[in-house]
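**Student:**
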Amino acid sequence: MSSSTAELNPEDGGHPPQNTAVAIEQSQQAIHPPAQSGSAKIAAWASPNADDTEPYGICAKILIVLSYIITIITFPISVFMCIKIVQQYERAVIFRLGQLKKGGAKGPGLFFIIPCIDEYRKIDLRVVSFQVPPQEILSKDSVTVEVDAVVYFRVCNATISIVNIENSTGSTKLLAQTTLRNVLGTKTLSEMLSEREHISHQMQEVLDEATEHWGVKVERVEVKDVRLPREMQRAMAAEAEATREAKAKVIAAQGEQQASRALREAALTISETPTALQLRYLQTLSAISAEHNSTIIFPFPVDIMSAFMQNGGRTFATQTPQQQEVPLLSEGRHTVPINYE
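At position 119 of the sequence shown (counting the first as 1) the number is 637 in our numbering, and the numbers step up by one without a gap.
(1) Per the contact definition of three or more C-beta pairs closer than 8 Å, is the region 698 to 707 in contact with the region 644 to 664?
(2) Taking the straight line between their C-alpha atoms, what separation do you get for V736 and S718?
(3) Assuming I580 is part of the alpha helix (DSSP H), what are its boundary residues?
(4) Starting from E664, follow the beta strand (DSSP E) in both directions and report where the run begins and ends.
(5) Would you mind reading off the limits of the alpha helix (DSSP H) that contains Q720?
(6) S679 and I641: beta carbons closer than 8 Å?
(7) Quick check: what's the CA-CA separation for V583 versus T589?
(8) Hey, would you say V734 sits closer than 8 Å to F671, going by beta carbons?
(9) I788 by DSSP, collapsed to three states: which one?
(10) By DSSP, does G773 sit in helix, in strand, or in coil?
(11) Quick check on A610: does DSSP put it in helix, strand or coil?
(12) Applying the 10 Å Cβ sphere with the 16-neighbour rule, what's the burial state of G622?
(13) If you run the structure through DSSP and keep just helix, strand and coil, what is F648?
(14) Locate the beta strand (DSSP E) running through K602, then write down its first and last residues.
(15) How should M599 be labelled, buried or exposed, when 16 other C-beta atoms within 10 angstroms of its C-beta is the threshold for buried?
(16) Which residue wins for smallest C-alpha separation from A784, given the options F648, R798, G773?
(17) In whole angstroms, what separates the C-alpha of C577 from that of S585?
(18) Between the alpha carbons of A476 and A777, how many angstroms are there, rounded?
(19) Quick one: grab the DSSP three-state call for V741.
(20) So G627 is in the beta strand (DSSP E); what residue range does that whole segment cover?
(21) E684 to V673, Cα distance in whole Å?
(22) Just to confirm the assignment, what range does the alpha helix (DSSP H) spanning I641 have?
(23) Residue range of the alpha helix (DSSP H) that K691 falls in?
(24) Within this structure, are the beta carbons of L711 and V661 separated by less than 8 Å?
(25) Measuring CB to CB, does V604 end up less than 8 Å from P626?
(26) Tell me which same chain residues have a C-beta within less than 7 Å of the C-beta of V741, skipping the five on either side of it?
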C-alpha cells in the first residue's frame with residue numbers, strides 16, 4: 519500500500535481519521551463535480567463576475583482581430599455601427615460568433631459591439647398583460663362553465679428568456695390556458711364563484727414556478743368571468759327565488775306569532791280589568807263616529823246592567839215602557855234614548 523494512504527486506527531473502530539475523510543470527499547467532488555441545471559449554467563456564464571476569456575478557436579480569434587482592425591480603419595464612421603443604446607426598461611443580450619457573450623445583458627444606456635461578428639437582441643422588462651381566451655371547463659361537480667382570465671407577467675432575466683426558450687410570451691400564454699383548466703377542474707361551481715381570489719393566487723403560484731426557468735416572473739392572475747349555461751342560470755334563478763319566498767314566509771309567520779302573543783297579552787289584561795274593555799269599546803265608537811257620519815246603536819254594558827238589575831230591579835220593573843231607557847241611540851256624536859212606543 520502507498521505511504522500516502524492513511525492507516526486505520528483500531529481504537530477508532532476501524533474508521534479513518536477526520537482529516538483523511540475530508541480529503542477523500544474533496545477528491546470525489548473533484549472527480550465527479552455536482553451537476554448544474556441549464557439555468558444555473560447560463561446564469562454563471564452570463565454573470566458579470568465571470569472570466570472575460572472567451573473559449574474561441576483560432577479562426578474565431580482571427581476574425582475578431584480583423585473586425586477590430588476594420589473598425590479602427592473606418593473610424594469615425596464605424597462609431598455609428600458599434601455604439602448602441604438601450605432604454606431604461608430594456609436589456610440587450612449580445613452574441614459573438616453565435617456564442618453568448620460573457621458579462622450578462624447590457625443596459626440601460628450605451629454599449630459597444632463589433633460589426634459583422636456581434637449581434638444583439640433587445641428584451642423589454644416591463645410588465646405585459648394578456649387575456650386568456652375563454653376556456654370550457656368541467657367543474658368537480660360536473661358543471662360545464664366558461665372561464666376567462668387575465669395574466670400579468672414580466673421578463674426578470676433577459677439572458678435566460680433568450681437562451682432557454684424561443685418565445686417566452688407565447689409559451690406563457692399557452693401555459694396559462696392549461697393551468698386555468700387544471701386548477702379550476704378541481705373546484706366545484708360554488709368554489710369558483712366564491713373563491714376567485716384564492717383561485718387567482720393559486721394560479722399565480724403555479725405559473726410562476728413553471729416559468730421560472732424561462733426567466734419570466736408572473737406578477738398577477740385574475741379570473742375575469744365565470745359564465746354558466748342558460749339552463750343552469752334559469753335553475754339558479756328559480757332556486758334563489760324559492761329561497762327568497764321561503765324566507766318571506768318565515769318572516770311573515772314570525773310576525774303573526776308575535777302579533778298573536780301581543781293580542782293574547784292584551785286579552786288577558788282586559789279580562790282582568792273590565793273597565794278597560796268598556797273604555798276600549800267607547801274609544802272605537804268615537805273613532806268610527808268621527809270618520810263617518812253614521813248612526814250607531816249600542817247597548818248598556820253587561821256588568822252595569824247586572825248591577826242595576828240587582829240594586830233596582832224592582833223599581834225598574836214597575837216603570838212604564840216610556841220611562842225605560844235601556845238602549846241608547848247615537849247619531850253622530852249625540853246619544854239619545856230609544857223609545858219603545
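Backbone N, C-alpha and C define an ideal beta-carbon position, used for all residues, glycine too.
**Tutor:** Taking the coordinates as given:
(1) yes
(2) Position 218 of the sequence shown, counting from 1, holds the residue named residue 736. Position 200 of the sequence shown, counting from 1, holds the residue named residue 718. Computed Cα separation, rounded: 12 Å.
(3) Along the sequence shown, one-based indexing puts residue 580 at 62. First-last of the alpha helix (DSSP H) with I580: 576 to 591.
(4) Indexing the sequence shown from 1 puts residue 664 at position 146. Run containing E664: 662 to 673, per the beta strand (DSSP E) assignment.
(5) Residue numbering aside, residue 720 sits at position 202 when the sequence shown is read from its first letter. Note, Q720: alpha helix (DSSP H), 714 to 728.
(6) Numbered from 1 along the sequence shown, position 161 holds the residue referred to as residue 679. Numbered from 1 along the sequence shown, position 123 holds the residue referred to as residue 641. Yes, the Cβ-Cβ distance between S679 and I641 is below 8 Å.
(7) Position 65 of the sequence shown holds residue 583. Position 71 of the sequence shown holds residue 589. The straight-line gap from Cα to Cα measures roughly 10 Å.
(8) In the sequence shown, the residue the question calls residue 734 occupies position 216. In the sequence shown, the residue the question calls residue 671 occupies position 153. Yes, Cβ-Cβ distance for V734 and F671 is below 8 Å.
(9) Taking the sequence shown and counting its residues from 1, one reaches residue 788 at position 270. Three-state DSSP puts I788 in a helix.
(10) Taking the sequence shown and counting its residues from 1, the one referred to as residue 773 is at position 255. Here G773 sits in helix by DSSP.
(11) Residue 610 sits at position 92 when you count from the first residue of the sequence shown. A610 falls in the strand class under three-state DSSP.
(12) Within the sequence shown, the letter at position 104 stands for residue 622. Buried, by the Cβ-count rule.
(13) Here the question's residue 648 lines up with position 130 in the sequence shown. Strand.
(14) Locating residue 602 in the sequence shown gives position 84, where the first residue counts as 1. Start and end: 601 to 604.
(15) Residue mapping note: residue 599 aligns to position 81 of the sequence shown, counting from 1. When all chains shown are included, M599 counts as exposed.
(16) If you number the sequence shown from 1, residue 784 lands on position 266. Measuring from the Cα of A784, the nearest candidate turns out to be R798.
(17) Reading the sequence shown from its first residue, position 59 is the one you call residue 577. Reading the sequence shown from its first residue, position 67 is the one you call residue 585. Approximately 12 Å between the Cα atoms of the pair.
(18) Residue 476 lies beyond the stretch modelled for the chain, which goes from 519 to 859, so this question has no answer here.
(19) What you label residue 741 is simply residue 223 of the sequence shown in a count that begins at 1. In the structure shown, V741 sits in a strand (DSSP, three-state: E or B).
(20) As a position in the sequence shown, residue 627 is number 109, starting the count at 1. G627 -> beta strand (DSSP E) spans 627 to 630.
(21) In the sequence shown, residue 684 corresponds to position 166, counting from 1. In the sequence shown, residue 673 corresponds to position 155, counting from 1. Rounded to the nearest angstrom, the two C-alpha atoms are 13 Å apart.
(22) Residue 641 sits at position 123 when you count from the first residue of the sequence shown. First-last for I641: 636 to 642, but that is the beta strand (DSSP E), not the alpha helix (DSSP H).
(23) The residue given as residue 691 occupies position 173 in the sequence shown. Run containing K691: 686 to 702, per the alpha helix (DSSP H) assignment.
(24) Walking along the sequence shown from the start, residue 711 turns up at place 193. Walking along the sequence shown from the start, residue 661 turns up at place 143. No; because the gap between Cβ atoms is not below 8 Å, this pair is not in contact.
(25) Position 86 of the sequence shown, counted from the first residue, corresponds to residue 604. Position 108 of the sequence shown, counted from the first residue, corresponds to residue 626. Yes, these two residues count as a Cβ contact at 8 Å.
(26) The residue you call residue 741 lines up with position 223 of the sequence shown. Within the same chain, V741 has close Cβ partners V665, A667, R714, I717, S718.
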